[in-house]
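> Handing you this structure, nothing more for now.
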Amino acid sequence: MKDREFLLLVCLVSLTLIFSNFSLFLKSIASSSFLQPPLKQAAQQLKLEGFRQTEQAFWNQIKDVNLDQLSPPTEIATLNSGELSPQPKPLTTPNPQPTQKPISSATKKSVSLPPKPKPPVEKPYTRFLFVGDSIMFDLGVKLQYNLRKTYKINNTKLDYKVSSGLNRIDYYNWYNRTTTLLKSYKPDVVVILFGGNDGQDIIDKNGRYYPLFTPGWEKTYQERVERYAKLLSTSSVRKVYWVGQPMSRRPRYNRIFSVLNKIYGTVSQTYPKIEYISTWGTFASGGKYAALVVDKSGKRRSVKINDGVHFTSHGANIISEVVLEQMKKDKIVTIKSKPAKSASPQPKLTPSSVSKSPTQKSAQMP
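The sequence shown begins at 1 in the UniProt record's numbering and counts up one residue at a time.
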């Protein structure tokens, strides 16, 4: 009885194992070398039939699923559209910004912006040199006086030579003399006046002789003027004024001076440092020479001596006013303003404390 129960229990366990792993059982039977070919084929058929049933059951379950109720993941939809999905940004903790206190009005006043750079201040013109023939002597004296009186400029130098000019450099070489003056005196401004002795025949650097007013004469004299202008222009002089000759009462000098003035003006235009000052009409009225001319103060006096070339003191003063007026326009000279006096209480004067000053005494003189 016990053997029968044991056998029944073994059969139940075997059947349970077979049905719980039926696919594995079929695979082992199909691959067994002890099984007959018909049985192997039947086992293989059962194995395939089991796979078909399992696959059919899987697809039946897939069909029962409602795809419309499912929301596809964003990542898959993005990949299907051919684009890369945006990467999630890492969470960053913002750095705490320092709290800025409002600037008080007192702080604003204490904080000042850096000052704007000032334009370079031009060095004042303090050294004046006057060169020329004996006509420059009369003009130079008046220039020195007016610069000192009106513009408080005392550093001036007058250098002239009687009967000299740029024609007869064999008599007096103004190139050498001017070079020496520029090195020794170092002027800021140079005023030139030539021509009183240059109305004569000329010999060029090659020894050729040219009579007055011929084309060769004008060419040679202009070369002399250009050489002198270049000497001044290449020096440390900051400004040059070349003064032309005014009209004369003698027709011969008028013809000479008109030619010379044209050369002076033409050459001066080539050199930026040099400025030509025309005085041709200063001693003229209605296009003709005027022997008596009124100055700025209203005085009407003679302007030239009997030779028709040299200035009188009155005439030299008028020409100096023309030159200084041009310097004033060019800001070479400026009138010094007097400092304002502080308004201090004036002491009361008694008859015993009043005394006449030298000015008052002179004012009482006739």
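C-beta: ideal position from N, C-alpha, C; glycine also.
(1) Our contact map puts Tyr160 next to Ser134 with C-beta atoms below 8 Å; I'd like the distance itself, whole angstroms only.
(2) Can you tell me whether DSSP reads Glu75 as helix, strand or coil?
(3) Go ahead and pull the three-state DSSP assignment for Ala284.
(4) Can you list, in chain order, the residues of its chain whose CB lies under 7 Å from that of Cys11, leaving out five sequence neighbours each side?
(5) Roughly how many whole angstroms lie between the Cα atoms of Gly281 and Tyr185?
(6) By DSSP, does Arg4 sit in helix, in strand, or in coil?
(7) So the candidates are Phe194, Arg238 and Ser302; which of them puts its Cα closest to the Cα of Pro124?
(8) Could you tell me whether the stretch 245-262 touches the stretch 295-309, using the rule of 3 or more Cβ pairs below 8 Å?
(9) Name the one or two DSSP bridge partners that Trp217 has.
(10) Within 10 Å of its beta-carbon, does Ala291 have 16 or more other beta-carbons around it, so buried, or fewer, so exposed?
(11) Straight-line CA distance for Gln144 to Val191?
(12) Need the endpoints of the beta strand (DSSP E) that Lys157 sits in, please.
(13) Assuming Arg292 is part of the beta strand (DSSP E), what are its boundary residues?
(14) Considering Cα atoms alone, identify which of Asp198, Ser233 and Leu9 is closest to Tyr221.
(15) In chain order, what residues of the same chain have a beta carbon less than 6 Å from the beta carbon of Gly315, not counting five sequence neighbours either side?
(16) Tell me the DSSP bridge mates of Glu275?
(17) Determine the closest residue to Gln326 out of Lys183, Phe137, Val189 and Val259, with distance taken between C-alpha atoms.
(18) Please report the distance separating the alpha-carbon of Gly207 from that of Arg301.
(19) Apply the 10 Å Cβ neighbour rule to Tyr209 and answer buried if 16 or more other Cβ atoms are within range, or exposed otherwise.
(20) Among Leu212, Tyr228 and Pro211, which one has its Cα closest to the Cα of Phe194?
(21) Which residues in the same chain have their Cβ closer than 8 Å to the Cβ of Thr279, if we skip the five residues on either side of it in sequence?
(22) Leaving aside the five residues before and after Val354 along the sequence, list all residues of the same chain whose C-beta is less than 7 Å from its C-beta, in chain order.
(23) My guess is that Ser233 and Lys273 are in contact by the Cβ rule of under 8 Å, so how many angstroms apart are they, rounded?
(24) So Asp201 and Pro187 are supposed to be a Cβ contact under 8 Å. How far apart are they, rounded?
(25) Just curious, the beta strand (DSSP E) that Leu129 is in, first and last residue?
(26) With a threshold of 6 Å (Cβ to nearest heavy atom), would Glu226 be considered close to the ligand PLP?
Looking at the coordinates:
(1) 6 Å
(2) Note that Glu75 scores a pLDDT of 42, beneath 50, so its modelled location is shaky; the value from the coordinates is reported in the next line. Helix at Glu75.
(3) For Ala284, the secondary structure class from DSSP, reduced to helix, strand or coil, is strand.
(4) none
(5) 33 Å
(6) Note: Arg4 maps to helix in three-state DSSP.
(7) Arg238
(8) Yes, the stretch 245-262 is in contact with the stretch 295-309.
(9) The partner list for Trp217 (beta bridge, DSSP) is empty, contrary to what the question assumes.
(10) Its Cβ having fewer than 16 others within 10 Å, Ala291 is exposed.
(11) Answer to the nearest angstrom: the Cα atoms are 11 Å apart.
(12) Thr156 to Tyr160
(13) Sequence check: residue 292 is Leu here, not Arg. Note, Leu292: beta strand (DSSP E), Leu292 to Val294.
(14) Asp198
(15) Val303 and Lys304
(16) Tyr241
(17) That would be Val189, whose Cα lies nearest to the Cα of Gln326.
(18) If I take the Cα positions, the gap works out to 45 Å.
(19) exposed
(20) Out of Leu212, Tyr228 and Pro211, Tyr228 has the C-alpha closest to the C-alpha of Phe194.
(21) Val243, Gly244, Gln245, Pro246, Ile319 and Val322
(22) Here Val354 scores only 39 on pLDDT, less than 50, and its place in the model should not be relied on; the value that follows carries that caveat. Excluding sequence neighbours, Val354 sits near nothing in its chain.
(23) 5 Å
(24) That belief does not hold up - the Cβ atoms of Asp201 and Pro187 are roughly 33 Å apart, past 8 Å.
(25) Where Leu129 is concerned, the enclosing beta strand (DSSP E) starts and stops at Phe128 to Gly132.
(26) Of ligands this structure carries none, so the ligand PLP is not represented either.
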